[in-house]
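Student: Can you keep this structure in mind? I'll have questions shortly.
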Amino acid sequence: PPATKIKIMSVGKHIEERVKVQGWIHRLRLQKGLAFIILRDGTGYIQCVLSGDLANAYQTLTLTIESTLSIYGTIRKLPEGKFAPGGVELAVDYYELVGLAPSGKESFTNKIQEGTDPSILMDQRHLTLRGETLSAVMKVRAALLAAIRRVYIEESVTEVTPPCMVQTQVEGGSTLFKMDYYGEEAFLTQSSQLYLETCLPALGDVYCIQESFRAEKSHTRRHLSEYTHIEAELAFVTFDDLLSHIERVITKTVQYVLEDPTAGPLVKQLNPGFVAPQLPFKRMQYIEALDWLNENGIPNEEGEKFKFGDDIAEAAERKMTDTIGVPILLTRFPVEIKSFYMKKCVDDPRVTESVDVLMPTVGEITGGSMRIEDTQELLEGFKREGIDPKSYYWFVDQRIYGTCPHGGYGLGTERILAWLCNRFTVRDCSLYPRFTGRCKP
Ligand code: 4AD
Ligand code: MG
């Protein structure tokens, strides 16, 4: 009988039908008169059972992990008590070998054995990606990006694509990647924020999903040299509007991921204890965080008590967030430790209308603020940071030609994923992670 070509994710719709599936041998078990193959096609896994002559054939006996096959057979629902992915198996009547992967020393399993030096595993990223965990995180990642786009559509925020090659900095000169642009100095973008701000008068509220680049000298579990930055900018909002927008976007996005038929079960598998965030998030001011840290005996970078103006570094921030155990909107950071463009609080000009979203296990996943809307004040900000405003004329014009109160934020995709999928490091949430000393494959 003819066979319908299907993807493994849809096997449930083809019970008792003859189908053709194509994919890679994920697992293999050969025994006398029977061969069990777990086939993987990127949409799922299916157990394929070969029996009789098919199982005993020389070709079957010499199959290897990661070889590719076109398999034909009938999909059978498994009786109660028998387990295989999807609760079905494929009773194989015929197959074609498409590509035979090496056996012995060069075998796939040998190349990525557990316990192998992590840097060798990173060299073999193209192979380790095929593993169940990493591929699951990448599936969740795809669902997350789709979900947040859906949320922005619902919120009437328009997607734009700003440039990656730029001549301005956003988050400090020390982490800029410099490049030679036809003889001129240029940088890889640290953030698309400034470009998003210029779009407000043309397009209204805007967002982008764009790579950002940071020459981070520090080797931490949450810093990459290149990461996927989800940024949004909103016109005519107050600081409170911005905070409630941020918590709503995060909560809805997570909800959509959990509802997704592919990604939802994967999150449960990767992170069984995951608790979806509830609105509203806990709000905490920088000053209150200092008190909390001091009361709980967590010291600053110098090993001393926290004082106003201190940066709350990664370790302290994570300890606090893990102990509190719920998402936190940490607000009102001092001017000196924040960026040149941040608006000062009217009731206390030492601090800014700024916010970091902190999640248990990861810490900061989002940074945002209201922006200075007054030209003179912005120019003072440039001066404080030692930035020559010349290259920023287009950004300053946003204030000159019809200024408005506005604010925005950036979310680190890999950090949200590390939180959602319970990964120790953001490196496990990036397809081909870039960090100090690693720019391949
Ligand atoms: O806090 P950051 O530096 O803020 C900005 O870039 C703003 N201009 C964004 C904006 O307002 N439009 O970065 C924003 C987020 C962080 O909260 C973090 O999640 C992520 O980007 N991030 C990184 N993720 C991975 N590796 C790095 N080196 C990161 N640096 C920041
Ligand atoms: Mg930040």
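Residue numbering for the sequence shown follows the UniProt record's numbering, beginning at 109 and increasing consecutively.
Positions of the beta carbon are idealized from the N, C-alpha and C atoms, including for glycine.
These numbers come from a predicted model, not from an experiment.
1) Less than 8 Å between the beta carbons of Leu378 and Val245, yes or no?
2) On the three-state DSSP scale, how would you describe Ile145?
3) Please find out if some non-hydrogen atom of the ligand 4AD comes closer than 7 Å to the beta-carbon of Ser462.
4) Looking at Glu403 and the ligand MG, is the gap between the Cβ and the nearest heavy atom below 7 Å?
5) Cutting at 8 Å between CB atoms, please list the residues of its own chain near Gly160, excluding the five before and the five after it.
6) In terms of DSSP beta bridges, what is His337 paired with?
7) So, at 6 Å on beta carbons, what are the nonlocal neighbours of Asp348 in its own chain, with the 5 sequence-adjacent residues on each side left out?
8) Thinking C-alpha only, which one of Gln393, Asp456, Ala424 is nearest Asn404?
9) If you measure from the CB of Thr170, is any heavy atom of the ligand 4AD nearer than 7 Å?
10) Which class does Pro373 belong to by DSSP, given the choice of helix, strand or coil?
11) Could you tell me if Tyr260 is buried or exposed, where buried requires 16 or more neighbouring beta carbons within 10 angstroms of its beta carbon?
12) At a cut of 8 Å, does the stretch 509-518 reach the stretch 332-345 through at least three beta carbon pairs?
13) Check the C-beta distance from Val365 over to Ala255 and give it rounded, since I have them as a contact under 8 Å.
14) Can you tell me whether His331 sits near the ligand 4AD, meaning its C-beta is under 7 Å from at least one heavy atom of the ligand?
15) Is the stretch 430-447 in contact with the stretch 318-326, if contact means three or more CB pairs nearer than 8 Å?
16) Would you mind sorting Leu387 into buried or exposed? The rule is 16 or more other CB atoms within 10 Å of its CB.
17) Is the distance from the Cβ of Ala143 to the Cβ of Ala163 below 8 Å?
18) In chain order, which beta strand (DSSP E) runs of at least 3 residues are fully inside the stretch 410-493?
19) Report whether the distance from the Cβ of Gly281 to the nearest heavy atom of the ligand MG is below 7 Å.
20) Could you check how far apart the C-beta atoms of Thr283 and Arg258 are, in whole angstroms? I think they sit under 8 Å.
21) Kindly indicate which three-state DSSP category Asp288 falls into: helix, strand or coil?
22) Counting along the chain, where does the beta strand (DSSP E) carrying Thr182 start and finish?
23) Where does Cys547 land, buried or exposed, given buried means 16+ other C-beta within 10 angstroms?
Tutor: Taking the structure as given:
1) yes
2) strand
3) no
4) no
5) For Gly160, where only same-chain residues beyond five positions count, the Cβ hits under 8 Å are Gly141.
6) Gln318, Gly520
7) Result list for Asp348: empty, nothing under 6 Å.
8) Ala424
9) no
10) Helix.
11) Buried.
12) yes
13) Ala255 and Val365 do touch by the CB rule: their CB atoms are close to 5 Å apart, below 8 Å.
14) yes
15) no
16) Here Leu387 is exposed. Its C-beta has fewer than 16 other C-beta atoms within 10 Å.
17) yes
18) Fully enclosed beta strand (DSSP E) runs of 3 or longer: 436-439, 456-460, 462-467, 471-478.
19) no
20) That pair is no contact at about 32 Å.
21) strand
22) 176-185
23) exposed
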